Structures are given as structure tokens and as C-alpha cells.
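Only one structure is covered here, and it is reproduced in the block below.
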Amino acid sequence: MDEVTLAIIKPDAMRRNLIGKIIGRYEEEGFRIAAMKMKKLSREEAEGFYAEHRGKSFFDELTAFLSSTPVVLMALKGENAVKRNRDIMGATNPAQAADGTIRRTYAKSIGENTIHGSDSVVSAERELGYFFSKTEIYS
Ligand code: GDP
């Protein structure tokens, strides 16, 4: 069964001209890009997106970072897309991410870790709905 998940190319990757390499990686892995847009998030949008982390020590740093440059928002479609994207991204801390993952390859720190991916089917639905209307996601 196909799933759709949200991926975000984060500001550290945007600054280093890595959009094409990251999208290329997803295409090579067989995902379909079902929706895509580039957007500069406001601080409030970043805070709403990461609401589950409100109150944590890194929340201010996290939301300032995510809203610091435009980001690329993508709906990735494919079999088992949520888990497969998490596997391709690698662990949150790039130092602990497996070889060949996007974070291991490109990320410099846990705070600036290049890529976001929904962590469950339920999160994916909320996160896709946060940025895309249903009619923007190609089926
Ligand atoms: P993810 O699903 O792998 O992105 O990880 P989480 O949902 O747990 O955390 C969201 C984002 O917050 C991560 O991608 C990190 O950039 C950041 N983050 C998580 N834990 C830490 C931490 O201990 N320190 C800092 N600076 N950032 C963190």
C-alpha cells in the first residue's frame, strides 16, 4: 500500500546548494514527488510545526533555525514511504546516522541536520495537512 510522507529540506542544506542532490536521492530510491513547494516559514509556523517540542531546551534554537531561510517541502509517495524515508534520512544525530544516509552524508550537527521526515503515518497526515491542501497532493 502506498503511503505519503512529508520531507523538508532544512536551511543548512538550502545554504549549501543541496536541493538537487537530496531530491535526486529520493528519485533514485523510487519515491514519487507528489507535491513540492519552497517556502520561507515564519517563526510562528515553525513553532506550530514543532509544537510537540515546545518547552524543550532546544525549542528556540530549532524554530529559529527552521525559519531562517526558505525550505523545500515535499510530499513523498511510495510503498512504506514513512519508514523508508526515516531509514534514508538516518538518525537524528548525524554522528550516529548509518553510512549512506542523508544525515550522515550531509548534516553537520544534531541541530542542523539537513532533512526532516514524518515519524509515523499519523504524523505524516498532520504534517502534510500543515503545509498542503488535499488538492495540492497529486495522487
Ligand atoms: P527527528 O524526527 O529525527 O527530526 O527528531 P525529533 O523529532 O526528535 O527532533 C526534531 C528536531 O529537533 C531534530 O531533527 C533536531 O534537529 C532537533 N533536536 C532534537 N534533539 C535535539 C537536541 O538534543 N539538541 C538540539 N540542538 N537539537 C535537537
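The letter at position 62 of the sequence shown is residue 147 when you use the working numbering, and the numbering goes up by one with no holes. For every residue, glycine included, the Cβ atom is placed at its ideal position computed from N, Cα and C. Here the structure is a predicted model, which is why all the values come from computation and not from measurement.
Query	Result
Bounding residues of the alpha helix (DSSP H) (the contiguous stretch that carries I104)	104-113
Cutoff 8 Å; reference T154; Cβ partners in own chain excluding five residues on either side	P96, M99, R100, K125
Closer than 7 Å: E146 CB and nearest ligand 1 heavy atom	yes
CB of L151 within 8 Å of CB of Y111, strictly	no
Rounded straight-line distance, which links the Cα of T177 to that of R225	With the chain covering 86 to 224 only, the question about residue 225 has no answer from this structure.
CB of D87 within 8 Å of CB of E210, strictly	no
Nonlocal neighbours in the same chain, by C-beta distance under 7 Å from V206, ignoring five residues either side	E88, V167
G202 versus M159, R128, T148, residue with shortest Cα-Cα distance	M159
G196 Cβ short of 7 Å to ligand 1 heavy atom set	yes
Under the three-state DSSP convention, the category D145 falls into	helix
Continuous beta strand (DSSP E) stretch holding K95: start and end	It is not in any beta strand (DSSP E) - K95 carries neither H nor E in the DSSP assignment.
Close Cβ partners of A183 (< 7 Å) along its chain, the five nearest in sequence each way excluded	G175, R189
Presumed contact (8 Å Cβ cut-off) between I107 and I118, rounded CB distance	No, I107 and I118 are not in contact; Cβ-Cβ is about 11 Å, not under 8 Å.
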